[in-house]
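Per my numbering, the sequence shown runs over residues 33 to 190. Just so it is clear, CB atoms sit at the ideal spot from N, CA and C, and this is done for glycine as well. Everything numeric in this text was worked out from a predicted model, so none of it was measured. Presented below is the structure to which this report refers.
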Amino acid sequence: MLDLWPRFLLKYIPVKEKKYFCYSLTAICVSLVGLLYNTNFWHQSHLFSTGYSAIGSFREVVHIGRCPLCGGTRSFLSLLSGDVIKALHYNIFGTFLFAIIYGLLPFRIALALGFNSLILNKTKILDRWLENNFLYLLAIIFFVQVLLDRLGVFVWKG
């Protein structure tokens, strides 16, 4: 999992599991940015709104279609607003990623603070599995989402 913590500052942080501290800090920062985004501050800014339309126009001109994470940010923001169904329509993988990141956040914080238990060991095992199989999982969920969209069962609004 990607984290945002600068490596040269990591030696000054007095936690036992620095990796899980970085994961937790990243998840908290991303959710704060998402909550700020949901306040509509960004929608009023001309700079950010033109960027989104330029990307959409580029996709329409070159007919690329969708990437596996198209709609991931919108699914994340929809989940922060509490709209699970809308989030799933934007991107199934983004919804899954949100659930994993924030569902495991309390356990990762406990690991960062040095706690140890059976469930925390299972969290480490799950994290290791996700790190090793991330691309496979992404490909499978992308295939399922495209298939459901093509069959008209679950429309992808990404």
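Around the beta carbon of R140, 16 or more other beta carbons sit within 10 angstroms, so the residue counts as buried. In the structure shown, the three-state DSSP call for F147 is coil. Counted as a single uninterrupted DSSP element, the alpha helix (DSSP H) harbouring F40 occupies residues R39 to L42. Two segments are said to touch when three or more pairs of C-beta atoms, one from each, lie closer than 8 angstroms; by this definition the stretch 57-66 does not touch the stretch 164-182. P100 and V47 have their C-alpha atoms spaced approximately 35 angstroms apart. Under the DSSP assignment, C54 falls in the alpha helix (DSSP H) whose first and last residues are K50 to Y69. DSSP, reduced to helix, strand and coil, places W188 outside both helices and strands of the structure shown, so it counts as coil.
Beyond the five residues adjoining it in sequence on each side, F53 comes within less than 7 angstroms, by CB distance, of I45, V47 and A144 in the same chain, given in chain order.
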